[in-house]
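A.B. asks: There's a structure below that I have some questions on.
Numbering (the numbering used here), first residue to last: 181 to 436.
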């Protein structure tokens, strides 16, 4: 079931769109917001999969809501004005509907969402990362590693910062381009482009040093075959990577 939030300061427009969406059995309208403030409050408390977003709101621009939208939530712009279309696609809006939307056009937008969800993120794309009231846009290529923290995940970026987002590691694994990212542990994903080195510790476990991470990332036994295949067969030999004297500096990722 797709959970939908409608953001529009025109209550009649909200009602009309809700009526159109009612024809789709897999859609559930979980909320309506008639202002930017209401939309922000809703997103802070409730998860949704898709937002139908008007641009001209009474207390601001719909574009101002984008930093508050979780990275897993898609946005379809709905407006009576066509001049916002270019900017809409600059912020990776899924579609742009000119009011009043027709049933056929709405169905096409919903079909586009289904297709988009099946396509993995591209390395050059950006992603919205939101942690409470803090949000930023980062390029996929800037992600150094992602570690699981219960039902959340901490995204480590190339500038040394990190942000805790409400998204499970499994979702990241499904969406990130496999040519660049590798699951190395049940609690960790690394960007292959930002691996500095890898070695064996005294216990024989392989540890990966990633750019701008203070602690090495451990390789889980289950993921070892895939890691060995990607990093090279030499990591399977203890000769190039002699055991270190102590493992005190090799803290594992949270959740292990």
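The beta-carbon is built from N, C-alpha and C at its ideal position, and this holds for glycine as well.
1) Do residue 200 and residue 286 have their C-beta atoms within less than 8 Å of each other?
2) Do the CB positions of residue 220 and residue 248 come within less than 8 Å of each other?
3) Taking three-plus beta-carbon pairs below 8 Å as touching, is the segment 235 to 246 in contact with the segment 344 to 351?
4) Note the first and the last residue of the continuous alpha helix (DSSP H) segment covering residue 222.
5) Which stretch, first to last residue, makes up the alpha helix (DSSP H) that contains residue 351?
6) Go through its chain and collect everything with a Cβ distance to residue 239's Cβ below 7 Å, but skip five positions before and after it.
7) Residue 327 CB to nearest chain C CB: under 8 Å?
8) Do the CB positions of residue 325 and residue 256 come within less than 8 Å of each other?
9) Classify residue 331 as buried or exposed, calling it buried when 16 or more other Cβ atoms lie within 10 Å of its own Cβ.
10) I'd like the list of long-range same chain contacts for residue 413, defined as Cβ closer than 7 Å, with 5 residues on each side in sequence excluded.
11) Alpha carbon to alpha carbon, what distance is there between residue 307 and residue 352?
12) Determine the closest residue to residue 396 out of 387, 403 and 404, with distance taken between C-alpha atoms.
13) Bridge partners of residue 398, per DSSP?
14) Evaluate residue 317 with the Cβ neighbour count: other Cβ atoms within 10 Å of its Cβ, from every protein chain shown; 16 or more gives buried, anything less gives exposed.
15) Near residue 251, which residues of its chain fall below 8 Å by C-beta distance, leaving aside the five closest residues on each side in sequence?
16) What three-state label does DSSP hand residue 441 in the structure shown?
17) What did DSSP end up calling residue 190 once you bin it into helix, strand or coil?
18) On the CB-based measure, 16 or more other CB atoms within 10 Å of its CB, does residue 334 come out buried or exposed?
19) Roughly how far, in whole angstroms, is the beta-carbon of residue 360 from the beta-carbon of residue 399, given that I think they are within contact range, below 8 Å?
20) CA-CA distance, residue 415 and residue 194?
21) Going by CA-CA distance only, name the one from 379, 208, 356 and 293 that's closest to residue 371.
22) Rounded to whole angstroms, what's the CA-CA distance from residue 438 to residue 380? Just pull it up for me.
23) Find out if the Cβ-Cβ distance for the pair residue 235, residue 185 is shorter than 8 Å.
24) Candidates 265, 280 and 282: which alpha carbon is nearest residue 274's?
C.D. replies: Let me spell this out:
1) A contact, by the Cβ cut-off of 8 Å.
2) yes
3) no
4) 216 to 225
5) 349 to 355
6) Only 215, 216 and 217 meet the Cβ criterion.
7) Any reference to chain C falls outside this structure, which holds one protein chain only.
8) no
9) exposed
10) With a pLDDT of 46 at residue 413, under the threshold of 50, the modelled position of that residue is not reliable, and the figure given next carries that caveat. None.
11) 11 Å
12) 387
13) 387
14) exposed
15) 307, 308, 309, 310, 345 and 347
16) Past the boundaries of the shown model lies residue 441; the chain is included only from 181 to 436, so the question cannot be answered.
17) coil
18) buried
19) At roughly 17 Å, the Cβ-Cβ gap does not stay under 8 Å, so residue 360 and residue 399 are not in contact.
20) Note that residue 415 scores a pLDDT of 48, beneath 50, so its modelled location is shaky and nothing firm can be said.
21) 356
22) Any answer about residue 438 is impossible in this case: the structure gives the chain only from 181 up to 436.
23) no
24) The shortest Cα separation from residue 274 among 265, 280 and 282 belongs to 265.
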